[in-house]
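Visitor: Dropping a structure here in structure tokens format, bear with me for questions.
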């Protein structure tokens, strides 16, 4: 069984590889490389899988899932990711990398018997990146 929850956050970001010059960054990332950066109203969707607990009828208590998600997302909210979050000073804050980051921060916060099945980051309703933990992406 799978359950899903969504949480919203606002954040800014700039795509930039420190080892490259401004021109090369702009060639690679277009307008997303320009200072000071740009922002989005993101949605983070988390999918958890596990058996239905016969005593509660739930895979996981949604209040606990909401709290774990807030613990991970609140530090990102209203931040310039590439400046304020140490991880994204070294890693380009693409939707893909944000999904991996959230996965890595959330995976140890689930109760026994529950498995993190996916993290999806939407920068708008038409664009998203999903990470399921099995792509071999370095974190």
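In our numbering, the protein residues as written are -16 to 122. All C-beta atoms, glycine included, are put in the ideal place defined by N, C-alpha and C. In this text, all values refer to a predicted model and were calculated from it rather than measured experimentally.
(1) Which of helix, strand or coil does DSSP assign to residue -5?
(2) Can you pull the DSSP bridge partners for residue 114?
(3) To the nearest angstrom, report how far apart residue 4 and residue 51 are at their CA atoms.
(4) Pull up the DSSP beta-bridge partners for residue -15, would you.
(5) Alpha helix (DSSP H) containing residue 6: first to last residue?
(6) Determine the direct distance from the alpha carbon of residue 96 to that of residue 81, and round the result to whole angstroms.
(7) Inspect the CB distances between the stretch 6 to 15 and the stretch 40 to 56 and report whether three or more fall short of 8 Å.
(8) Between which residues of its own chain and residue 16 is the CB-CB distance below 8 Å, once the five residues before and five after are set aside?
(9) Any contact between the stretch 20 to 37 and the stretch 102 to 112? By contact I mean 3 or more CB pairs, one from each, below 8 Å.
(10) Mind checking which residues open and close the alpha helix (DSSP H) that includes residue 80?
(11) Below 8 Å CB to CB, which residues in the same chain sit around residue 77 once its five sequence neighbours on both sides are set aside?
(12) Kindly list the residues whose CB is nearer than 7 Å to the CB of residue 20, restricted to its own chain and excluding five residues on each side of it in sequence; keep chain order.
(13) Looking at the unbroken alpha helix (DSSP H) that takes in residue 65, where does it start and where does it end?
Guide: Per the coordinate set shown:
(1) In the structure shown, residue -5 sits in a strand (DSSP, three-state: E or B).
(2) Per DSSP, 102.
(3) When rounded, the separation of the alpha-carbon atoms in residue 4 and residue 51 is 38 Å.
(4) Under the DSSP definition of a beta bridge, residue -15 partners with 32.
(5) Taken as a continuous stretch (DSSP letters only), the alpha helix (DSSP H) holding residue 6 covers 5 to 12.
(6) Taking the straight line joining both Cα atoms gives about 25 Å.
(7) Verdict: no, contact absent.
(8) Closer than 8 Å at the Cβ level, and outside the excluded window around residue 16, lie -3, -2, -1, 5, 8 and 9.
(9) Judged by Cβ distances under 8 Å, the stretch 20 to 37 makes contact with the stretch 102 to 112, as three or more pairs qualify.
(10) Residue 80 -> alpha helix (DSSP H) spans 78 to 89.
(11) Only -2 and 112 meet the Cβ criterion.
(12) Apart from sequence neighbours up to five positions away, the residues of its chain that approach residue 20 with a beta-carbon distance below 7 Å are -5, -4, -3, 63 and 65, ordered along the chain.
(13) First-last of the alpha helix (DSSP H) with residue 65: 64 to 67.
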